[in-house]
Amino acid sequence: MLATSVQPLERSASQSTLGDSTNPVQQEKHIKNEIALSVELERSHYFTKNDVQHRLGEDFFRQPCISLAKAFLGKVLVRRCADGTELRGTVVETEAYPGGEDKASHSAGGRRTERNAAMFMKPGTIYVYPIYGIYLCMNVSSEGEGAAVLLRSLEALQGQPVMRELRAA
Numbered sequence: 001m002l003a004t005s006v007q008p009l010e011r012s013a014s015q016s017t018l019g020d021s022t023n024p025v026q027q028e029k030h031i032k033n034e035i036a037l038s039v040e041l042e043r044s045h046y047f048t049k050n051d052v053q054h055r056l057g058e059d060f061f062r063q064p065c066i067s068l069a070k071a072f073l074g075k076v077l078v079r080r081c082a083d084g085t086e087l088r089g090t091v092v093e094t095e096a097y098p099g100g101e102d103k104a105s106h107s108a109g110g111r112r113t114e115r116n117a118a119m120f121m122k123p124g125t126i127y128v129y130p131i132y133g134i135y136l137c138m139n140v141s142s143e144g145e146g147a148a149v150l151l152r153s154l155e156a157l158q159g160q161p162v163m164r165e166l167r168a169a
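Residue numbers for the sequence shown follow the UniProt record's numbering, beginning at 1 and rising by one.
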């Protein structure tokens, strides 16, 4: 496991095509319902290839787990809500889970389950799972069999009130 510190920023953006709701909490519930109804959803409707100048490309994710964990530091994650509100946070802490012999990894010993399937998918696949019944953790698969990076901590830059509402939902 690797925990690391802040590096220079790189900005990204996203686009929303969600309905007319302006309440971010309602939007979040709507999104969860859409995802639950669409098991085969591969790309969020929040992202398009045309509107993003600083999006991380596929090559960014095609690197060993520990390198990817370090590379994520300082990157800014952006979510654009349906009403145009942007939520931004800088990645300030990551953990590398290279799989294989790493007993702390969900894929230790090559163990594949429905829950950790994303860890064996192409680099850049997002893997979100609940812990303690109240928190959601976001991992991103990397190069290497069953390897992933946990985005452990963000420093909020923009949209803190909406972030608080969404966490309470």
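Beta carbons are placed, not taken as given, at the ideal position from N, Cα and C, and that holds for glycine. Given the structure is predicted, the values throughout are model-derived calculations rather than measurements.
Q: Return yes when the Cβ of alanine 69 is within less than 8 Å of the Cβ of valine 162, no when it is not.
A: By 1-based counting over the sequence shown, the position of residue 162 is 162. By 1-based counting over the sequence shown, the position of residue 69 is 69. With respect to the 8 Å criterion, valine 162 and alanine 69 are not classified as neighbours on the basis of their beta carbons.
Q. For methionine 138, which of helix, strand or coil comes out of DSSP?
A. Stepping through the sequence shown from its first residue, residue 138 is reached at position 138. It is a strand residue.
Q.
At 4 residues or longer, what runs of the alpha helix (DSSP H) sit wholly inside the segment 62–96?
A. Listed in chain order, the complete alpha helix (DSSP H) runs (minimum 4 residues) inside the segment 62–96 are 65–72.
(Q) Please classify residue 176 as buried or exposed, where buried requires at least 16 neighbouring CB atoms within 10 angstroms. (A) The shown model of the chain, from 1 to 169, leaves out residue 176, and the question about it has no answer.
Q: Just confirm the distance between the C-beta atoms of serine 141 and glycine 124, as a whole number of angstroms; I'd bet it's less than 8 Å.
A: Walking along the sequence shown from the start, residue 141 turns up at place 141. Walking along the sequence shown from the start, residue 124 turns up at place 124. With a beta-carbon spacing of about 7 Å, serine 141 and glycine 124 fall inside the 8 Å limit used to define contacts.
Q | C-alpha distance - glutamate 165 paired with valine 76, whole-angstrom precision | A | Residue 165 sits at position 165 when you count from the first residue of the sequence shown. Residue 76 sits at position 76 when you count from the first residue of the sequence shown. Roughly 20 Å separates the two Cα atoms.
Q. Are threonine 131 and alanine 118 closer than 8 Å when you measure CB to CB?
A. Position 131 of the sequence shown holds residue 131. Position 118 of the sequence shown holds residue 118. Checking the displayed sequence, the identity of residue 131 turns out to be isoleucine instead of threonine. No, the Cβ-Cβ distance between isoleucine 131 and alanine 118 is not below 8 Å.
(Q) Tell me the residue span of the alpha helix (DSSP H) that contains alanine 168. (A) Walking along the sequence shown from the start, residue 168 turns up at place 168. If you look at alanine 168, you'll find it in the alpha helix (DSSP H) that goes 160–168.
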